[in-house]
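J.: Take a look at this one; I'll ask things after.
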Amino acid sequence: MSEKRILRKMKKLASRIGDKIESVRDEVEDLEIEFEILQKQIKKLETKSFYDKETKGEKRQSDDEEDIDEDDEVLDLENTSVVTVKPKF
24 MSEKRILRKM
34 KKLASRIGDK
44 IESVRDEVED
54 LEIEFEILQK
64 QIKKLETKSF
74 YDKETKGEKR
84 QSDDEEDIDE
94 DDEVLDLENT
104 SVVTVKPKF
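For the sequence shown, our numbering begins at 24 and goes up steadily by one.
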């Protein structure tokens, strides 16, 4: 093979690898966002569970107020900006 052909193939391979790295990076960032949201929901449910145990005899808030609070927490991951995170190597 000529050196020019080898160089072209190496550049093409490097381009493919670069594209894959970028794709994986985007997926990892999306997973980190989903993980943070999941952790927030877990903490929220743990706090609510603890609160419910402490106030068994007291009256709970109406369902309408709870629905409003839950709607505020919903995020549209498709339209969020990408959060840059330092690689953890």
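All residues carry an ideal CB built from backbone N, CA and C; glycine is no exception.
If we ignore side chains and look at the alpha-carbon of each, how far apart do Met24 and Leu61 end up?
T.: Spanning the two alpha carbons is a distance of roughly 53 Å.
J.: From Glu26 to Leu36, what distance separates their C-alpha atoms?
T.: Each residue's alpha carbon lies about 15 Å from the other.
J.: With Met33 as the anchor, note down where its alpha helix (DSSP H) starts and where it stops.
T.: Here the alpha helix (DSSP H) through Met33 covers 26 to 77.
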